[in-house]
Amino acid sequence: MAKDAARGDTRFIFGFHAVRSRLRNDPEGVLDIHLASGRHDARARDLMTQAEALGVRVMPTDAARLDGMAGGAAHQGVVARVDARHKALKLADVLETLDGPALLLVLDGVTDPHNLGACLRVADAAGAHAVIAPKDRAASLNAAAIKVASGAADAVPYVTVTNLARALREMQDAGVWVIGAAGEAEGDLYSVDQTGPVAWVLGAEGDGLRRLTRETCDVLARIPMHGSVSSLNVSVASGICLFEACRQRQLAAATTPSRS
0 MAKDAARGDT
10 RFIFGFHAVR
20 SRLRNDPEGV
30 LDIHLASGRH
40 DARARDLMTQ
50 AEALGVRVMP
60 TDAARLDGMA
70 GGAAHQGVVA
80 RVDARHKALK
90 LADVLETLDG
100 PALLLVLDGV
110 TDPHNLGACL
120 RVADAAGAHA
130 VIAPKDRAAS
140 LNAAAIKVAS
150 GAADAVPYVT
160 VTNLARALRE
170 MQDAGVWVIG
180 AAGEAEGDLY
190 SVDQTGPVAW
200 VLGAEGDGLR
210 RLTRETCDVL
220 ARIPMHGSVS
230 SLNVSVASGI
240 CLFEACRQRQ
250 LAAATTPSRS
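Numbered by numbering that gives the first Met the number 0, the letters in the sequence shown go through residues 0 to 259 in order.
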């Protein structure tokens, strides 16, 4: 059964995806679950069964209290109080435990937690190993970001670094090809070989990459734009870039002769 933690070491997460993902990945860190009073639908029953099997208490809670816990955000009738204490994951931890060629997403200046949550969700869908961002000028992994991530925040490591340019050089030293997404780049993302270890670096919509970040990248690539808009939301752009890497890798694997 999850042990209680000091008040200052707890936080709330909400939404069925986020709560069930935390139960799967860190049941000891789930202190208790608050479920909307009178809710007995299949989704609620499944959550209660999962929590009971793990020894996590589920308490019926009125809507007003749930709204307060979630800070007014849409919570789907479920809020979990979790232990916020954790060992800060370092970039070296990710680089040393990679399973297969690296696929990393680096965010430069993305300050909206909803965009961070969406990027985590995209990164999880593409099988990325981690999302990396600077500690300053970046969104924190708060309840809003976790809710938008729909469980991906518990599946994809979110690593914050003190100096982003130095972190990019650390990736390069580990053999990772660092690709910056930039609208002014001469080549597009389809012309860049992404079959090896790669890290895609994206800036916020409108601002783009900072100068030092851009200069540290191995190569810049643009997403071809065929309509009237000149830029995409960072989570949309992240999905395009990461899934192009997936496409190239799948194609390379399919065309590589098998060894008998």
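Glycine included, C-beta positions come from ideal geometry on N, C-alpha and C.
- The stretch 77-91 makes no contact with the stretch 105-121: fewer than 3 CB pairs, one atom from each, lie closer than 8 Å.
- 8 Å or more divides the Cβ of Glu243 from the Cβ of Leu208.
- Put simply, the backbone Cα of Ala181 is about 12 Å away from that of Asp107.
- Annotation: Leu140 is outside any alpha helix (DSSP H) and is labelled neither H nor E by DSSP.
- Taking all protein chains shown into account, Arg210 has fewer than 16 neighbouring C-beta atoms within 10 Å of its C-beta and is therefore exposed.
- Taking the C-beta atoms as reference points, His16 is found nearer than 8 Å to Gly150.
- Scanning Asn141, Glu185 and Val233 for the CA closest to the CA of Val81 turns up Asn141.
- Minimum Cα-Cα distance from Val155 among the listed residues Gly186, Gln193, His33 and Val121 corresponds to Val121.
- In the DSSP assignment, Asp45 falls within the alpha helix (DSSP H) that extends over Ala41 to Leu53.
- Shown here, Leu97 sits in coil according to DSSP, grouped into three states, outside any helix or strand.
- DSSP, reduced to helix, strand and coil, places His33 within a strand of the structure shown.
- Membership of Met224 in any beta strand (DSSP E) is not indicated, and neither H nor E is assigned to it by DSSP.
- Remark: fewer than three beta-carbon pairs, one from each stretch, lie closer than 8 Å, so the stretch 53-68 and the stretch 213-222 are not flagged as touching.
- Taking C-beta separations shorter than 6 Å and ignoring five residues to either side along the sequence, the partners of Pro196 in its chain run Pro100, Ala101, Gly174 and Val175, following chain order.
- According to DSSP, Thr159 shares a beta bridge with Ala132.
- Three or more Cβ pairs drawn from the stretch 159-169 and the stretch 127-146 lie within less than 8 Å of each other, which places the two stretches in contact.
- Here DSSP, grouped into helix, strand and coil, assigns Thr254 to helix.
- Rounded to the nearest whole angstrom, the C-alpha separation of Ala79 and Leu30 is 7 Å.
- Under the three-state reduction of DSSP output, Pro196 falls in the coil class, being neither helix nor strand.
- Remark: C-beta atoms of Ser234 and Ala117 approach each other more closely than 8 Å.
- By the CB criterion at 8 Å, Ala148 and Leu103 fall outside the cutoff.
- Under the three-state reduction of DSSP, Val177 is assigned to strand.
- Going by DSSP, Ala17 is part of no beta strand (DSSP E) but of the alpha helix (DSSP H) stretching over Phe15 to Asn24.
- Contact annotation, Leu34 with Gly76: C-beta distance approximately 7 Å; criterion of less than 8 Å satisfied.
- If you look at Leu102, you'll find it in the beta strand (DSSP E) that goes Leu102 to Asp107.
- Annotation: Arg209 is outside any beta strand (DSSP E) and is labelled neither H nor E by DSSP.
- Only residues of its own chain outside the window of five on either side were considered, and among them Leu103, Val105, Met170, Val175 and Val177 have a CB closer than 6 Å to the CB of Ala198, listed in chain order.
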